[in-house]
Amino acid sequence: MGVTAGAGGSAYLTTADDAAATTSVHVITSAGISDPFVIPGYARGGVVVAPNGTAYQLSEYSSGLDEKSYISTITPTGVVTKDFDGEFGYFGSGDSLQVAADGTGYVVIFDYPSGPVRWAVAHPDGEVTLVPQPAGTDVLDYTFEIGPDNKLYAYSFFDPAYTVSPAGATTILPNSSGALELEFGPTGTPFIAQLSGSSTQFVNISTGAESATIPGGNQGDFDRLTIGSDGTVFVKAYAGTNPGDTAEVSVLAGTAAGATIASFTDLGNTAYVTPAGGGVGYVTVYDIASDTTKVWKLSSNGAEQLDTFSGMAVGGVAFGGNGKLYLTTSADAQTQLHILDA
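Residue numbers for the sequence shown, in my numbering: 56 to 397.
Shown next, in the form of structure tokens:
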């Protein structure tokens, strides 16, 4: 509960009347504060505002085994409330309403004790569509993100990824089990970093096309995918990051169709990927054992180690307007600036 910023300088104030088991929402504008819009149930957090200004309030009420969930769409002049049997999920990223750019909202509803698990798809006009989770999937295993196409993307290490569209259609995505991370390309193409045994690859889950694998699995800094503005996909993996092991980092650059542009494996504990466009990328690899940072270039000419510097780089390279690369490292309580040819 509390105050949530809205569109055009407006705000929403959510308050609760526990005795009456109701929630009140006030709309605050430059003209003042509105009379309360009273909705049934206890507020589940504050108002959620979509990028297009659509505002939703979730609320719930339970009495014995009777569970009710309410989704209210709020406008400056009124509120539309829909009620459903069951309760909103209490887990991870699926436990609150997630909103798309077009105002569509998505939230999971559990109909306990043995009823269905459904996605509630809310719309700016106040209508709500209930969509069963795809057969053979368990919503508790999933992580959720909103895509640039306004669809909800659900991905899991155990089960295949799927989408829920604003129209309420669910689609299982190809070759999408084993997902560790999800990212979208510049045109909205979804990619996952996929664990394959003790190796990692990227998969274009709109087509199922996959890259070659690189050594390393579910270890490291968990920032596995980087996608350039030209659509080049970089996947990163670590191996041997346990104490006492020889640590390795591997990076592969590929096309959206899965073709390899270049790849390398090097001793190191952390790596930062910086796309440069045109199928080119630069990687800084820090190796704790030698206290050195190595700079790699990936391009259609292959993988090339450009230089090695003392100390630790805390990020990737920066591009100068003169065809130069700039990198800072820290060693012996000193910070050094290095300049390289791109």
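Built from N, CA and C at the ideal position, the CB exists for glycine as well.
So, with DSSP's three-state summary, where would you put residue i?
{"i": "Ala62", "result": "helix"}
{"i": "Leu420", "result": "Nothing about residue 420 can be read from this structure; the chain reaches only from 56 to 397."}
{"i": "Val186", "result": "strand"}
{"i": "Val194", "result": "helix"}
{"i": "Arg173", "result": "strand"}
{"i": "Thr384", "result": "strand"}
{"i": "Pro95", "result": "strand"}
{"i": "Met56", "result": "coil"}
{"i": "Val34", "result": "The requested residue 34 does not occur in the structure, where the chain is confined to residues 56 to 397."}
{"i": "Pro245", "result": "strand"}
{"i": "Ile260", "result": "coil"}
{"i": "Val102", "result": "coil"}
{"i": "Asp362", "result": "strand"}
{"i": "Ser266", "result": "coil"}
{"i": "Ser254", "result": "strand"}
{"i": "Ala326", "result": "strand"}
{"i": "Phe165", "result": "strand"}
Which first and last residues belong to the beta strand (DSSP E) in which residue i is found?
{"i": "Thr198", "result": "198–201"}
{"i": "Ala344", "result": "Per DSSP, Ala344 belongs to no beta strand (DSSP E) and is neither H nor E."}
{"i": "Gln274", "result": "Neither: Gln274 is in no beta strand (DSSP E) and is coded neither H nor E."}
{"i": "Lys123", "result": "121–130"}
{"i": "Asn230", "result": "Note, Asn230: premise wrong, no beta strand (DSSP E); not H, not E."}
{"i": "Lys137", "result": "133–140"}
{"i": "Asp396", "result": "389–396"}
{"i": "Leu280", "result": "280–282"}
{"i": "Asp321", "result": "315–322"}
{"i": "His81", "result": "77–84"}
{"i": "Ser118", "result": "110–118"}
{"i": "Lys206", "result": "Neither: Lys206 is in no beta strand (DSSP E) and is coded neither H nor E."}
{"i": "Ala294", "result": "288–294"}
Let me know if residue i comes out buried or exposed under the rule of 16 or more other beta-carbons within 10 Å of its beta-carbon.
{"i": "Phe289", "result": "buried"}
{"i": "Ser127", "result": "buried"}
{"i": "Asp72", "result": "exposed"}
{"i": "Lys379", "result": "exposed"}
{"i": "Gly170", "result": "exposed"}
{"i": "Ile88", "result": "exposed"}
{"i": "Val183", "result": "buried"}
{"i": "Val58", "result": "exposed"}
{"i": "Leu228", "result": "buried"}
{"i": "Gln112", "result": "buried"}
{"i": "Thr192", "result": "buried"}
{"i": "Tyr67", "result": "buried"}
Could you check whether the Cβ of residue i sits closer than 7 Å to any heavy atom belonging to the ligand NAP?
{"i": "Pro229", "result": "Looking for the ligand NAP in the displayed structure turns up nothing, as the structure carries no ligands at all."}
Tell me whether the beta-carbon of residue i lies closer than 8 Å to the beta-carbon of residue j.
{"i": "Lys352", "j": "Tyr337", "result": "yes"}
{"i": "Leu404", "j": "Pro245", "result": "Nothing about residue 404 can be read from this structure; the chain reaches only from 56 to 397."}
{"i": "Val154", "j": "Val103", "result": "yes"}
{"i": "Val350", "j": "Val372", "result": "yes"}
{"i": "Val163", "j": "Val194", "result": "yes"}
{"i": "Ala267", "j": "Leu322", "result": "no"}
{"i": "Val219", "j": "Val258", "result": "no"}
{"i": "Gly263", "j": "Asn230", "result": "yes"}
Between the options, which lies nearest to residue i when the distance is taken from Cα to Cα?
{"i": "Thr77", "options": "Asp90, Val58, Ala98", "result": "Ala98"}
{"i": "Phe374", "options": "Ser345, Gly332, Glu359, Thr262", "result": "Gly332"}
{"i": "His178", "options": "Gly158, Phe139, Ser345", "result": "Gly158"}
{"i": "Ala344", "options": "Leu361, Met367, Asn259, Tyr67", "result": "Met367"}
{"i": "Thr287", "options": "Val172, Ala397, Asp196, Ser354", "result": "Ser354"}
{"i": "Phe199", "options": "Ala190, Ile247, Leu185, Gly271", "result": "Ile247"}
{"i": "Phe139", "options": "Leu68, Gly133, Ser114, Phe212", "result": "Ser114"}
{"i": "Phe364", "options": "Thr348, Gly357, Ala358", "result": "Thr348"}
{"i": "Asn107", "options": "Glu265, Ala156, Ala74, Val176", "result": "Ala156"}
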